[in-house]
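Asker: For the record, the sequence lines run as chains A and F.
Per this note's numbering, numbering through the first sequence is continuous, rising by one, with the last residue being 383.
Per this note's numbering, numbering through the second sequence is continuous, rising by one, with the last residue being 383.
Virtual Cβ for every residue (Gly too), placed ideally from N, Cα, C.
Once you've had a glance at the structure underneath, I'll fire off some questions.
2 protein chains.
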Amino acid sequence: MKKLINKPEDVVKEELEGLALAYPDIVKVHFDPDYVYRADAPVKGKVALISGGGSGHEPMHGGLVGLGMLDGACPGQVFTSPTPDQMLEAAKMVHGGAGVLYIVKNYTGDVMNFEMAADMARSEGIRVLSILIDDDTAVKDSTWTAGRRGVGTTVLAEKIVGAAAEKGYDLKKLADLCRKVNINGRSMGMALTSCTVPMAGKPTFDLPEDEMEIGVGIHGEPGRERMSLKTADEITEMLALSIIDDPAYSRTVRELDEEKGEWVDVTLEDPPFKAGDQVLAFVNNMGGSAAVELPIIYRKLHEICEKKGLKIVRNLIGPYITSLEMQGCSITLLKMDDELLELWDAPVKTIGMRWGI
Amino acid sequence: MKKLINKPEDVVKEELEGLALAYPDIVKVHFDPDYVYRADAPVKGKVALISGGGSGHEPMHGGLVGLGMLDGACPGQVFTSPTPDQMLEAAKMVHGGAGVLYIVKNYTGDVMNFEMAADMARSEGIRVLSILIDDDTAVKDSTWTAGRRGVGTTVLAEKIVGAAAEKGYDLKKLADLCRKVNINGRSMGMALTSCTVPMAGKPTFDLPEDEMEIGVGIHGEPGRERMSLKTADEITEMLALSIIDDPAYSRTVRELDEEKGEWVDVTLEDPPFKAGDQVLAFVNNMGGSAAVELPIIYRKLHEICEKKGLKIVRNLIGPYITSLEMQGCSITLLKMDDELLELWDAPVKTIGMRWGI
């Protein structure tokens, strides 16, 4: 295993120590339980946003904490859900009196633990709502998930909802906005290579030298199809058309109903993309691909969107939701409107994303 | 070869097409000869900064073009020097009447071609000065270089000199500043894995599963020593101490003397680091290492600098001068003073680096 690490069991702890030393003006780190939080938290009167999940997807989520994005992030061990006590303690640290929104990627462990944490926080008198991100069009269920997985749209939701929180949206309005981003965003990824979880010490899966995996998950979960290597243009077409031609998608998710004080089933339907839509195009590096390759994917994506009548009005290109050193990419398209555009353009200052500050 | 590309010979062209489509507000791209330039070039009355070199080191240099950094960048094919006509045409496009500064990494091909380009530009009436970056402490000469190679300090010089140009420094003062950054910056890199140049189709060098290369160049040139894998802390110590304990370094470089109208030999001496110095610490991802690993390197670097009496006053962590998908890292330390600090903090808006805008 070739990695710039010391003991595999210390990877996350030492990463967090490094972040705390490097960026004291942006984040602080609490250890045991582990969470990253805004250096100026709690921000009085602002709804606090918290996300989290397994480590290994950096900069998501700890690198997305700061002005205009998250107030707190709970990192689990690599590819392992964080625990409810991390989420509870993070909420207690960052809530500024206006409630807490949990942004949760749809993985079984994350969902279960954030639900427990929300209940515990409520029992301690903190208003909490929780919104699920399930934007991966690749597979309906997977080894790690009931329903679609939460991937690239999470980064976009954290940016947009973070800007809205900064602007003064209340908790209910932020939850509605986060749900809106989720249903309007769709993603699909692919892997040229596997990645190696430090504690495992060997590649998560085997991928022969002449094969790739289309629709792979961010933990290396199997995707739609394993096939022989294709060109960047062919790969982009497969990913983009899977997203653009994905029909309306209905599912039932559990959300916390504040008035009833309980978790209720909510049916959501993702509207399909249609000609004339304005979109944000996000080309994500899975981590290990050379930076020179991403614009080649974007170039073809731009052409496909044009052909399909989708107008790219904003973009994001780079490693934002990674899978350790996996080579490959994912594409996310998010249908935009004036509200989302204004929030996307708002200032942000985090470790992994900054502009306007 | 596993890459997100189409034909190997089209990699750079298609990358540039992608950049042009994605970032029209920041850069424009001229094809044949190829160069990237500021969308608002020429900026009247400002000295124009131009750099360049082989592709495969993204975001350097095309991704460092924009307000507060470069005015133009000339990309060669992957790991191949750009040609004098690229450098000449870029100069003609971006010069705003106050002269052009070429920032040149010390590789034989780059040096020769920038020298020819400077002579051609001068014969067309453009004032040009040219400063060499040679900050790699690993080896004195290498397969690609007479003298030390130019690496991480280049990124820092482009940021700092770019800010000074924006502020109105004249050509001579910018050349002096760039030379000052060069002699106060030192770097050293290491590789866990090789990388594959698309046109070659196979790894540049072989590195067994249990070995790494200390002092590697950004094109995979041999470094100081090949050895068995070490921990992140041990690696950091080797790189950092090589830099910090590097004695004064004297060499003669060729610079253009405007008054004499010819290239003259200039002797430069890098002052060694000493306790009490303020430094910028730059931990660079060679491209393919997982993002979670870099803060682990920074953590140890911070400890070593403290022990040595060096105060880290700024930092930069991430993939800025890459070697395609090579796994590994490099460390650069730059001795800072009030002038450099103010320029470092100044606004910048490029594809690869942005803050304050």
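On the three-state DSSP scale, how would you describe Asn310 of chain F?
Answerer: In the second sequence, counting from the first residue as 1, residue 310 of chain F sits at position 284. Correct three-state label for Asn310 of chain F: strand.
Asker: Measuring only the C-alpha atoms, how far is Leu336 of chain F from Arg148 of chain F?
Answerer: Walking along the second sequence from the start, residue 336 of chain F turns up at place 310. Walking along the second sequence from the start, residue 148 of chain F turns up at place 122. Cα to Cα, Leu336 of chain F sits roughly 42 Å from Arg148 of chain F.
Asker: Determine the direct distance from the alpha carbon of Cys100 of chain A to that of Met113 of chain A, and round the result to whole angstroms.
Answerer: As a first step, residue 113 of chain A must be located in the first sequence, where it is residue number 87. As a first step, residue 100 of chain A must be located in the first sequence, where it is residue number 74. Each residue's alpha carbon lies about 6 Å from the other.
Asker: Check distances from the C-beta atoms of the segment 87-99 of chain A to those of chain F and list, in chain order, the residues that come in under 7 Å.
Answerer: Per Cβ criterion, the list is empty.
Asker: Helix or strand or just coil, what does DSSP make of Asn14 of chain A?
Answerer: Since the displayed chain A opens at 27 and closes at 383, residue 14 of chain A lies outside it and no answer follows.
Asker: Can you list, in chain order, the residues of its chain with a C-beta nearer than 8 Å to that of Asp236 of chain A? Leave out the 5 residues immediately preceding and following it.
Answerer: For this step, residue 236 of chain A is matched to residue 210 along the first sequence. Result list for Asp236 of chain A: Ser254, Leu255, in chain order.
Asker: Among the candidates A:Trp170, A:Ala164, A:Glu150, A:Gly123, whose CA atom is the shortest distance from the CA of Val137 of chain A?
Answerer: By one-based count along the first sequence, residue 137 of chain A stands at place 111. Answer by Cα proximity: A:Trp170.
Asker: For chain F, check one thing: does any of its Cβ atoms lie closer than 8 Å to the Cβ of Gln29 of chain A?
Answerer: Sequence index remark: in the first sequence, residue 29 of chain A carries index 3 (1-based). Per the sequence shown, the amino acid found at residue 29 of chain A is Lys instead of Gln. So, interface residue.
Asker: Can you tell me whether Glu184 of chain F is buried or exposed, with buried defined as 16 or more other CB within 10 angstroms of its CB?
Answerer: As a position in the second sequence, residue 184 of chain F is number 158, starting the count at 1. The residue is buried, with at least 16 neighbouring Cβ atoms inside 10 Å.
Asker: Using 8 Å as the limit for Cβ to Cβ distance, is Val37 of chain F near chain A?
Answerer: Residue numbering aside, residue 37 of chain F sits at position 11 when the second sequence is read from its first letter. With 8 Å as the cut-off, Val37 of chain F counts as an interface residue toward chain A.
Asker: I'd like to know whether the C-beta of Leu45 of chain A is nearer than 8 Å to at least one C-beta of chain F.
Answerer: Reading the first sequence from its first residue, position 19 is the one you call residue 45 of chain A. True, the Cβ-Cβ gap to chain F drops below 8 Å.
Asker: Can you have a look at Ser168 of chain F and say buried or exposed, based on whether 16 or more other CB atoms are within 10 angstroms of its CB?
Answerer: Reading the second sequence from its first residue, position 142 is the one you call residue 168 of chain F. Buried, since its Cβ has 16 or more Cβ neighbours within 10 Å.
Asker: Within its chain, find whatever has a CB closer than 7 Å to the CB of Gly94 of chain F; leave out the 5 residues flanking it on each side and keep chain order.
Answerer: What you label residue 94 of chain F is simply residue 68 of the second sequence in a count that begins at 1. Cβ neighbours of Gly94 of chain F beyond the five flanking positions: Gly188, Ala189, Glu192, Ala372, Pro373, Val374, Lys375.
Asker: If we cut at 8 Å on Cβ distances, does Asn32 of chain F have a partner in chain A?
Answerer: Within the second sequence, residue 32 of chain F is the residue found at index 6, counting from 1. Interface residue, yes.
Asker: Would DSSP call Lys268 of chain A helix, strand or coil?
Answerer: Along the first sequence, one-based indexing puts residue 268 of chain A at 242. Per the sequence shown, the amino acid found at residue 268 of chain A is Ser instead of Lys. The answer is helix: DSSP assigns Ser268 of chain A an H, G or I state.
Asker: Mind pulling the chain A residues with CB within less than 7 Å of His328 of chain F?
Answerer: Locating residue 328 of chain F in the second sequence gives position 302, counting from the first residue. Going along chain A in sequence order, the residues near His328 of chain F (Cβ under 7 Å) are Leu47.
Asker: Is it the case that the segment 273-281 of chain A contacts the segment 104-122 of chain A, given that we only count it when at least three CB pairs across the two stretches are under 8 Å?
Answerer: Not touching, per the Cβ criterion.
Asker: Going by beta carbon distance, what residues of the same chain come within less than 8 Å of Gly173 of chain F, once the five residues before and after it are set aside?
Answerer: Against the second sequence, residue 173 of chain F aligns to sequence position 147. Correct list, in chain order: Asn132, Asp160, Lys166, Asp167, Arg277, Val279.
Asker: Would the beta-carbon of Asp371 of chain F be found less than 7 Å away from any heavy atom of the ligand GTP?
Answerer: Ligands are entirely absent from the displayed structure, and the ligand GTP is therefore not among its contents.
Asker: Just to confirm the assignment, what range does the beta strand (DSSP E) spanning Ile357 of chain F have?
Answerer: Sequence index remark: in the second sequence, residue 357 of chain F carries index 331 (1-based). Unbroken beta strand (DSSP E) run through Ile357 of chain F: 354-361.
Asker: Give me the DSSP bridge partner(s) of His56 of chain F.
Answerer: Locating residue 56 of chain F in the second sequence gives position 30, counting from the first residue. In DSSP, His56 of chain F forms a bridge with F:Tyr61.
Asker: What are the uninterrupted segments assigned as alpha helix (DSSP H) that are 4 or more residues long and contained completely in the segment 191-222 of chain F, given in chain order?
Answerer: Taking only runs of at least 4 residues, the alpha helix (DSSP H) segments lying wholly in the segment 191-222 of chain F are 197-210.
Asker: With H, G and I counted as helix, E and B as strand and the rest as coil, what does DSSP make of Trp289 of chain F?
Answerer: As a first step, residue 289 of chain F must be located in the second sequence, where it is residue number 263. Three-state result, Trp289 of chain F: strand.
Asker: Taking only the alpha-carbon atoms, compute the straight-line gap between Ser81 of chain F and Phe105 of chain F and give it to the nearest angstrom.
Answerer: As a first step, residue 81 of chain F must be located in the second sequence, where it is residue number 55. As a first step, residue 105 of chain F must be located in the second sequence, where it is residue number 79. Cα-Cα distance, rounded: 6 Å.
Asker: For chain A, is any of its Cβ atoms less than 8 Å away from the one on Ser268 of chain F?
Answerer: Residue mapping note: residue 268 of chain F aligns to position 242 of the second sequence, counting from 1. Not one chain A Cβ lies under 8 Å of Ser268 of chain F.
Asker: Kindly list the residues whose CB is nearer than 8 Å to the CB of Ala258 of chain A, restricted to its own chain and excluding five residues on each side of it in sequence; keep chain order.
Answerer: Sequence index remark: in the first sequence, residue 258 of chain A carries index 232 (1-based). Cβ neighbours of Ala258 of chain A beyond the five flanking positions: Glu319, Ile322, Ile323, Lys326.
Asker: Residues in the same chain with beta-carbon distance under 7 Å from Glu84 of chain F, minus the five sequence neighbours each way, listed in chain order, please.
Answerer: As a first step, residue 84 of chain F is located in the second sequence; it is residue number 58 there, counting from the start. Around Glu84 of chain F: Thr348.
Asker: Compute the Euclidean distance between the alpha carbons of Ile357 of chain A and Gly378 of chain F, then round it to the nearest angstrom.
Answerer: By one-based count along the first sequence, residue 357 of chain A stands at place 331. By one-based count along the second sequence, residue 378 of chain F stands at place 352. Going by the C-alpha atoms only, they are around 19 Å apart.
Asker: Nearest to Val130 of chain F by alpha carbon, out of F:Phe231, F:Ala143, F:Gly123, F:His121?
Answerer: In the second sequence, residue 130 of chain F corresponds to position 104, counting from 1. For the residues F:Phe231, F:Ala143, F:Gly123, F:His121, the minimum Cα distance to Val130 of chain F belongs to F:Ala143.
Asker: Using 8 Å as the limit for Cβ to Cβ distance, is Gln304 of chain A near chain F?
Answerer: Translated into positions along the first sequence, residue 304 of chain A becomes position 278. No, because no Cβ of chain F sits closer than 8 Å to the Cβ of Gln304 of chain A.
Asker: Of all the options A:Asn208, A:Glu285, A:Met238, A:Asn311, which has the alpha carbon lying nearest to the alpha carbon of Gly344 of chain A?
Answerer: Along the first sequence, one-based indexing puts residue 344 of chain A at 318. Among A:Asn208, A:Glu285, A:Met238, A:Asn311, the Cα nearest to that of Gly344 of chain A is on A:Asn311.
Asker: Drop a sphere of 10 angstroms on the beta-carbon of Lys29 of chain A, count the other beta-carbons inside from all chains shown, and report buried for 16 or more, exposed for fewer.
Answerer: For the purposes of this step, residue 29 of chain A is taken as residue 3 along the first sequence, with counting starting at 1. Classification for Lys29 of chain A: buried.
Asker: Rounding to the nearest angstrom, what Cα-Cα distance links Ile261 of chain F and Val292 of chain A in this structure?
Answerer: Translated into positions along the second sequence, residue 261 of chain F becomes position 235. Translated into positions along the first sequence, residue 292 of chain A becomes position 266. Their backbone Cα atoms lie some 52 Å apart in a straight line.
Asker: Three or more C-beta pairs closer than 8 Å, one from the segment 351-368 of chain F and one from the segment 205-225 of chain F: is that the case here?
Answerer: The segment 351-368 of chain F vs the segment 205-225 of chain F: in contact.
Asker: State the CB to CB distance for the pair Gly102 of chain F and Leu45 of chain F, rounded to an integer number of angstroms; the pair is presumed to be in contact (CB under 8 Å).
Answerer: To locate residue 102 of chain F, count along the second sequence from 1; it is residue 76. To locate residue 45 of chain F, count along the second sequence from 1; it is residue 19. Contact doesn't hold; Cβ gap of about 16 Å is too wide.
Asker: Using a cut-off of 7 Å between C-beta atoms, extract the partners of Asp355 of chain A located in chain F.
Answerer: Position 329 of the first sequence, counted from the first residue, corresponds to residue 355 of chain A. In the sequence as presented, Asp is not what sits at residue 355 of chain A; that position holds Cys. Neighbours of Cys355 of chain A on chain F, chain order: Leu30.
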